[in-house]
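Q: Chains as they are written, first to last, in the numbering used here: chain A, 72 to 322; chain B, 72 to 322.
For each residue, glycine too, the CB sits at the ideal point set by N, CA and C.
Mind looking over this structure? Questions follow.
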DNA sequence: CCATCTTATATCCAACTAACGTATTAGTTA
DNA sequence: TAACTAATACGTTAGTTGGATATAAGATGG
């Protein structure tokens, strides 16, 4: 029996053009911080299916286009070329996730600095910001609200995708350098802590946080200080080059 | 310009049947422990491309088949139905990863207990065990050796896939319950420690390991003890039901 | 020019956690 | 019953974290 089946599989392997293929898409979780809360950029759907609901920007993967390139292209097309840290998240392949046809989507996390977030909004006015309710993340799927507090229902399985994105980010925040993707090149320790607190949805102990981060060895102090404050300005740091780590994809 | 491009993307979204689609496959990293070393099960390729090299068992995703179902089917077809813990790993989508045609593959980690490993070998004799060199894991791709010490060169990008699989496993081992997928239902603390040491490629402190594991609250002591030893038999534990955690996919 | 305000930065100590070495216990075998 | 092996328990030490406090630095207003 195993013989016959592997024969069938063998044929399929060598002539898959004879079989119907699922479509392959990428969807982007464009995530930034707005008012100290994790905020994603969504497109309102104006037609079936899920008309009126809000969806992650996405697009189909070209036949000669690598997955990462497709994600970068969607970022260009749908977010006006704003710079973002792109990272593959998970691939969603339930059969009925799109009622029109079979679509497998590779979800990407796209982290935006405050400047990139503003740039995306300016260049792509259709993108609507939605703040993610921190408490909803640990459940399987997330709830999102517009700036005026109105609920933004998400289309397809996108609420699950966003929940996974934030869970993943929370998990990696403390031991990896992803957090810096949400900050400008020069930042203060307080700003770094604000980012961590916004993502984790908690408050953190300041001296302990300082120590941990400085002990990590990631931070290079520039001699410079922030300006325009009415109090003692904090020193500006930048993410140091870390030659030891080249974690490659998927960690 | 953004307008014209999103128009094109819009059309693609609604009529993707007009565009060539990549094929979508799943590949399985069938991983067990053999002689205290992480060992994977491979199929030797007998024709172009990469003839003579060894490949992960895989198969194409059916048009009406969920990704997870495709992985389970490949497990049935290629490993004779051995039980395994399946978990999606990462999706590999470089354009030239298969010279025959464009294939995007969703890699799955399939963890086998010792019994399941033996069962797979018995029912699917074509599967060849290859031990993974622990030191090669942290580099981007892995080297694999047959039981007689001969190198087993891997086909396609499969060495990268295996490296990612073991890195992921190492990362999750301490804070998640994946490690138990490599053990039978009843096991001793020493066996659990052996699994951790094999995956991590290090030795661990015994009392510290015991305490950590017991403090996790995962382990249910059965009153039973192992038999057939020539020394003091250790107590048998089982993985307790943990109602609090339903981590869902992708963590 | 000085007092005062705010926040950054540094220091200190208590509490907790994790690691390691060592002692003890409980089986098996001879 | 003694010797052996490995499980289990204990205790000490080192390291890490959390909280509080003290000091420093710049801005502002009188």
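For residue 209 (chain B), does the count of other Cβ atoms within 10 angstroms reach 16, so buried, or fall short, so exposed?
A: Within the second chain, residue 209 (chain B) is the residue found at index 138, counting from 1. By the neighbour-count rule (16 or more Cβ atoms within 10 Å), residue 209 (chain B) is not buried but exposed.
Q: In chain order, what residues of the same chain lie with their CB nearer than 6 Å to the CB of residue 103 (chain B), ignoring the 5 residues before and after it?
A: One-based indexing of the second chain puts residue 103 (chain B) at position 32. So the qualifying residues of the chain are 110, 183, 188.
Q: Taking the alpha helix (DSSP H) that residue 139 (chain A) falls in, what are its first and last residues?
A: For the purposes of this step, residue 139 (chain A) is identified with residue 68 of the first chain, where counting begins at 1. Counting along the chain, the alpha helix (DSSP H) containing residue 139 (chain A) begins and ends at 138-150.
Q: For the alpha helix (DSSP H) that residue 240 (chain B) lies in, which residues bound it at each end?
A: Translated into positions along the second chain, residue 240 (chain B) becomes position 169. Residue 240 (chain B) -> alpha helix (DSSP H) spans 229-244.
Q: Show which residues of chain A have a CB atom less than 9 Å away from the CB atom of residue 262 (chain B).
A: Taking the second chain and counting its residues from 1, the one referred to as residue 262 (chain B) is at position 191. Correct list: empty, because the minimum Cβ distance to chain A is about 28 Å.
Q: Please decide whether residue 256 (chain B) counts as near chain A, where near means a Cβ-Cβ distance under 8 Å.
A: As a position in the second chain, residue 256 (chain B) is number 185, starting the count at 1. Taking Cβ atoms only, chain A never reaches closer than 8 Å to residue 256 (chain B), which makes this a no.
Q: Look up residue 178 (chain A) in the DSSP assignment and say whether it is helix, strand or coil.
A: Taking the first chain and counting its residues from 1, the one referred to as residue 178 (chain A) is at position 107. Correct three-state label for residue 178 (chain A): strand.
Q: Please identify the residue among A:96, A:90, A:235, A:114 whose C-alpha is closest to the C-alpha of residue 225 (chain A).
A: Translated into positions along the first chain, residue 225 (chain A) becomes position 154. Taking only the C-alpha atoms, the option nearest residue 225 (chain A) is A:114.
Q: When you compare only the Cα positions, how much space is there between residue 312 (chain A) and residue 257 (chain A)?
A: By 1-based counting over the first chain, the position of residue 312 (chain A) is 241. By 1-based counting over the first chain, the position of residue 257 (chain A) is 186. Between residue 312 (chain A) and residue 257 (chain A), the C-alpha separation is close to 14 Å.
Q: Determine whether the Cβ of residue 136 (chain A) lies closer than 8 Å to any Cβ atom of chain B.
A: Within the first chain, numbered from 1, the residue matching residue 136 (chain A) stands at position 65. Yes, contact with chain B.
Q: Please name the residue, chosen from B:201, B:309, B:190, B:185, that lies closest to residue 219 (chain B) on a Cα-to-Cα basis.
A: Walking along the second chain from the start, residue 219 (chain B) turns up at place 148. Comparing Cα-Cα distances from residue 219 (chain B) to each of B:201, B:309, B:190, B:185, the minimum goes to B:201.
Q: Just to confirm, is the Cβ distance from residue 266 (chain A) to residue 275 (chain A) under 8 Å?
A: As a working note, residue 266 (chain A) is residue 195 in the first chain. As a working note, residue 275 (chain A) is residue 204 in the first chain. It is not a contact, given that the beta carbons lie outside the stated cut-off.
Q: Under 8 Å by Cβ, that's how I've got residue 178 (chain B) and residue 100 (chain B) pegged, so tell me the actual separation to the nearest angstrom.
A: Numbered from 1 along the second chain, position 107 holds the residue referred to as residue 178 (chain B). Numbered from 1 along the second chain, position 29 holds the residue referred to as residue 100 (chain B). That pair is a contact at about 7 Å.
Q: Residue 240 (chain B) and residue 249 (chain B): beta carbons closer than 8 Å?
A: Taking the first residue of the second chain as 1, we reach residue 240 (chain B) at position 169. Taking the first residue of the second chain as 1, we reach residue 249 (chain B) at position 178. Yes.
Q: Distance check for residue 197 (chain B) and residue 262 (chain B), CA to CA, integer angstroms please.
A: Numbered from its first residue, the second chain carries residue 262 (chain B) at position 191. Numbered from its first residue, the second chain carries residue 197 (chain B) at position 126. Taking the straight line joining both Cα atoms gives about 29 Å.
Q: Pick from B:228, B:207, B:289: whose alpha carbon is nearest that of residue 270 (chain B)?
A: Here residue 270 (chain B) corresponds to residue number 199 of the second chain, with the count starting at 1. Cα-wise, what sits closest to residue 270 (chain B) is B:207.
Q: Answer with yes or no whether the minimum CB distance from residue 123 (chain A) to chain B is below 8 Å.
A: Within the first chain, residue 123 (chain A) is the residue found at index 52, counting from 1. Closer than 8 Å: no.
Q: Quick one: list the residues of chain A neighbouring residue 177 (chain B), beta-carbon separation under 9 Å, in chain order.
A: The residue labelled residue 177 (chain B) in the question sits at position 106 within the second chain. Neighbours of residue 177 (chain B) on chain A, chain order: 162, 164, 175, 177.
Q: Taking only the alpha-carbon atoms, compute the straight-line gap between residue 317 (chain A) and residue 306 (chain B) and give it to the nearest angstrom.
A: For the purposes of this step, residue 317 (chain A) is taken as the residue at position 246 of the first chain. For the purposes of this step, residue 306 (chain B) is taken as the residue at position 235 of the second chain. Residue placement at residue 317 (chain A) is flagged as unreliable, the pLDDT there being 43, under the threshold of 50; the coordinate-derived value follows with that caveat. Going by the C-alpha atoms only, they are around 42 Å apart.
Q: According to DSSP, is residue 127 (chain B) part of a helix, a strand, or is it coil?
A: Here residue 127 (chain B) refers to the residue found at position 56 of the second chain. The answer is coil: DSSP assigns residue 127 (chain B) none of H, G, I, E or B.
Q: Where DSSP assigns a beta bridge to residue 258 (chain B), which residues make up the other side?
A: Here residue 258 (chain B) corresponds to residue number 187 of the second chain, with the count starting at 1. In the DSSP output, where bridge partners are listed per residue, residue 258 (chain B) has B:308.
Q: Pick from A:147, A:167, A:140, A:180: whose alpha carbon is nearest that of residue 157 (chain A)?
A: Against the first chain, residue 157 (chain A) aligns to sequence position 86. When each option's Cα is compared against that of residue 157 (chain A), the closest is A:180.
Q: Specify the secondary structure class of residue 194 (chain A) as computed by DSSP and reduced to three states.
A: Taking the first residue of the first chain as position 1, residue 194 (chain A) is located at position 123. Helix at residue 194 (chain A).
Q: Can you find the residues in the same chain that come closer than 6 Å, C-beta to C-beta, to residue 107 (chain B), ignoring five residues on each side of it along the sequence?
A: The sequence position of residue 107 (chain B) within the second chain is 36, counting from 1. 269.
Q: Under a Cβ-count criterion, where at least 16 other Cβ atoms within 10 Å of its own Cβ denotes burial, should residue 285 (chain B) be classed as buried or exposed?
A: Position 214 of the second chain, counted from the first residue, corresponds to residue 285 (chain B). Result: exposed.
Q: Just the C-alpha distance for residue 192 (chain B) and residue 217 (chain B), rounded to the nearest angstrom, thanks.
A: For the purposes of this step, residue 192 (chain B) is identified with residue 121 of the second chain, where counting begins at 1. For the purposes of this step, residue 217 (chain B) is identified with residue 146 of the second chain, where counting begins at 1. Residue 192 (chain B) and residue 217 (chain B): Cα-Cα distance of roughly 14 Å.
Q: Would you say residue 278 (chain B) touches the ligand NAD, meaning its beta carbon is less than 7 Å from a heavy atom?
A: Here there are no bound small molecules, and the ligand NAD is not part of this structure.
Q: Tell me the DSSP secondary structure of residue 221 (chain A) in three-state form.
A: Within the first chain, residue 221 (chain A) is the residue found at index 150, counting from 1. Residue 221 (chain A) falls in the coil class under three-state DSSP.
Q: Please report the Cβ distance between residue 251 (chain B) and residue 310 (chain B), rounded to the nearest whole angstrom; I am assuming they are in contact, meaning their Cβ atoms lie under 8 Å.
A: Position 180 of the second chain, counted from the start, is the residue given in the question as residue 251 (chain B). Position 239 of the second chain, counted from the start, is the residue given in the question as residue 310 (chain B). The pair is a contact, with the Cβ atoms about 5 Å apart (cut-off 8 Å).
Q: Can you find a CB in chain B that lies within less than 8 Å of the CB of residue 131 (chain A)?
A: Along the first chain, one-based indexing puts residue 131 (chain A) at 60. Closer than 8 Å: yes.
Q: Taking DSSP as the reference, what is the three-state secondary structure of residue 167 (chain A)?
A: To locate residue 167 (chain A), count along the first chain from 1; it is residue 96. Coil at residue 167 (chain A), not helix or strand.
Q: Give a yes or no on whether the C-beta atoms belonging to residue 130 (chain B) and residue 144 (chain B) are separated by under 8 Å.
A: For this step, residue 130 (chain B) is matched to residue 59 along the second chain. For this step, residue 144 (chain B) is matched to residue 73 along the second chain. Going by C-beta atoms, residue 130 (chain B) is nearer than 8 Å to residue 144 (chain B).
Q: Quick check: what's the CA-CA separation for residue 98 (chain B) versus residue 175 (chain A)?
A: Here residue 98 (chain B) refers to the residue found at position 27 when the second chain is read from its first residue. Here residue 175 (chain A) refers to the residue found at position 104 when the first chain is read from its first residue. Taking the straight line joining both Cα atoms gives about 16 Å.
Q: Residue 93 (chain A) touches chain B at which residues, Cβ-Cβ below 8 Å?
A: Indexing the first chain from 1 puts residue 93 (chain A) at position 22. Those within 8 Å of residue 93 (chain A) in chain B are 92, 95, 132, 134.
Q: Excluding five sequence neighbours on each side, which residues of the same chain lie with their C-beta closer than 8 Å to the C-beta of residue 199 (chain A)?
A: In the first chain, residue 199 (chain A) corresponds to position 128, counting from 1. Excluding positions up to five away in sequence, the list reads 112, 113, 114, 115, 125, 217, 223.
Q: Excluding five sequence neighbours on each side, which residues of the same chain lie with their C-beta closer than 6 Å to the C-beta of residue 281 (chain B)?
A: Here the question's residue 281 (chain B) lines up with position 210 in the second chain. Cβ neighbours of residue 281 (chain B) beyond the five flanking positions: 260.
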